[in-house]
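The structure appears right after this line, and notes come after that.
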Amino acid sequence: MKIATWNVNSLKVRQQHVIDWLATSQVDVLCLQELKLPDEKFPRAEFEAAGYKSWFAGQKTYNGVGILVCTDAGHEVDEISVVRNIPGFEDLQQRVIAATVDGVRIISAYFPNGQAPGSEKFAYKMRWLDALREWLREDMARHPKLALCGDYNIAPDDRDVHDPTAWEGQNLVSPEERAHFVRLIELGLTDAFRKFEQPEKLFTWWDYRMLAFRRNAGLRIDHILLSAELAAACTSCEVDKVPRKWDQPSDHTPVIVTIV
DNA sequence: ATGGCTTGCACCGCAAGA
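Residue numbers for the first sequence follow numbering that gives the first Met the number 0, so the first one is 0 and each next one is one higher.
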């Protein structure tokens, strides 16, 4: 089973990119973030025609997450298993959707950006991370096979930052955010990317400005964390930089794991 | 040099992203 995650930064603009990428990547499950459209504008029929069923939690202008599941591959989604948002955490922002696919718990999450340490948005990011972790603890107990996929808005290590000196203490790399990432790992999750040998300076996001992609001035902030059972069965984790080179690209690029 | 692009919304400039 191939599972991928991609922050598309507006599904309206990136719809064709997603369909094109699905055709070449042949993933079984694709987690999407930053749909930036309400549910009634979700292109369900277009994905259906491409061979994917979709579940989503949309929102006008901001946020919005979804999960696409390949129907041609015959995957079964337990309808009752679908959860939108973090249970018990009141939030108008649509940042989480979970679904169980063939017994594998898939979570598509768009972590808050946080703006800057000390800001109100950063405080929200910390609260959100606390709530996510407490829910995950329970959800992992229910689902030994679990993949937490998404835009974490956290670069966990200096290796995940093009210029660690320039970024030191900044939002996305601050000690508080990294401590939260470690707490997720301590639940018993594995960063699939670091399970394997990887090229130096491989990132998942590059700023639209200042020719950042051409200079490879990026961050690794999109991740797939796997429960022990899935980590043991994971044979690869790859970052596909190709869609970042397409016309009018998302500023993020997909991350893909293979589970056997 | 706190900008630089890109998006959506709502109107021709703004907030927000990371």
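Where a beta carbon is used, it is the ideal one built from N, C-alpha and C, also for glycine. These figures come from a predicted structure and were not determined experimentally.
*Check whether the region 45-63 touches the region 29-36, counting contact only when three or more Cβ pairs, one atom from each stretch, lie closer than 8 Å.*
Contact holds: three or more Cβ-Cβ distances are below 8 Å.
_Pick from D19, A3, R83, N8 that is closest to V26, judged by C-alpha positions_ = By alpha-carbon distance to V26, the top candidate from D19, A3, R83, N8 is A3.
*Beta carbon of L36, beta carbon of S53: below 7 Å?*
Cβ distance not < 7 Å, so L36 and S53 don't count as in contact.
*Which value, in whole angstroms, describes the spacing of the CA atoms of E89 and G217?*
Taking the straight line joining both Cα atoms gives about 33 Å.
*Where does Y123 sit, in a helix, a strand or coil, going by DSSP?*
DSSP places Y123 in helix when its eight states are reduced to three.
_Straight-line Cα distance separating N6 from S249_ = Between the alpha carbons of S249 and N6 lies a gap of roughly 7 Å.
*Is it true that the region 177-195 meets the region 240-249, where meeting means three or more beta-carbon pairs spaced less than 8 Å apart?*
The count of Cβ pairs closer than 8 Å, one atom from the region 177-195 and one from the region 240-249, stays below three, leaving the stretches out of contact.
*Under 8 Å Cβ to Cβ from E75, same chain only, skipping five residues before and after it: list those, please.*
Hits under 8 Å: V100, D101.
_Pairwise C-alpha distance: Q169 and T70_ = Rounded to whole angstroms, T70 and Q169 show a C-alpha spacing of 42 Å.
*asked:* Can you check which of these residues, A231, D221, V12, is closest to G149 by C-alpha distance?
replied: For the options A231, D221, V12, the alpha carbon positioned closest to that of G149 is the one of D221.
_Reference V95, options G87, S107, T257, closest by Cα_ = Answer by Cα proximity: S107.
*asked:* At 3 residues or longer, what runs of the beta strand (DSSP E) sit wholly inside the region 126-159?
replied: As far as the region 126-159 is concerned, its whole beta strand (DSSP E) runs of at least 3 residues are 145-150.
*Pick from A191, P174, H161, H142: whose alpha carbon is nearest that of W204?*
Nearest of A191, P174, H161, H142 to W204, Cα basis: H161.
*Terminal residues of the continuous alpha helix (DSSP H) containing L229?*
That run of the alpha helix (DSSP H) goes 227-231.
*asked:* With DSSP as the reference, identify every bridge partner of E237, one or two as the case may be.
replied: In the DSSP assignment, E237 forms a beta bridge with I255.
*Going by Cα to Cα distance, which pick from G117, L201, K124, A115 is closest to Y109?*
Of the candidates G117, L201, K124, A115, the one whose C-alpha sits nearest the C-alpha of Y109 is K124.
*Which residue comes first and which comes last in the beta strand (DSSP E) that contains K52?*
K52 -> beta strand (DSSP E) spans 51-56.
*Nearest to N112 by alpha carbon, out of S235, A72, R126, R104?*
Of the candidates S235, A72, R126, R104, R126 places its Cα closest to the Cα of N112.
*Would you mind reading off the limits of the alpha helix (DSSP H) that contains R182?*
Where R182 is concerned, the enclosing alpha helix (DSSP H) starts and stops at 174-185.
*On the DSSP bridge assignment, give the partners of L218 in chain order.*
For L218, which the question treats as bridged, DSSP gives the partners V160, W204.
*When DSSP builds the beta bridges, which residues end up paired with V95?*
Answer is A108.
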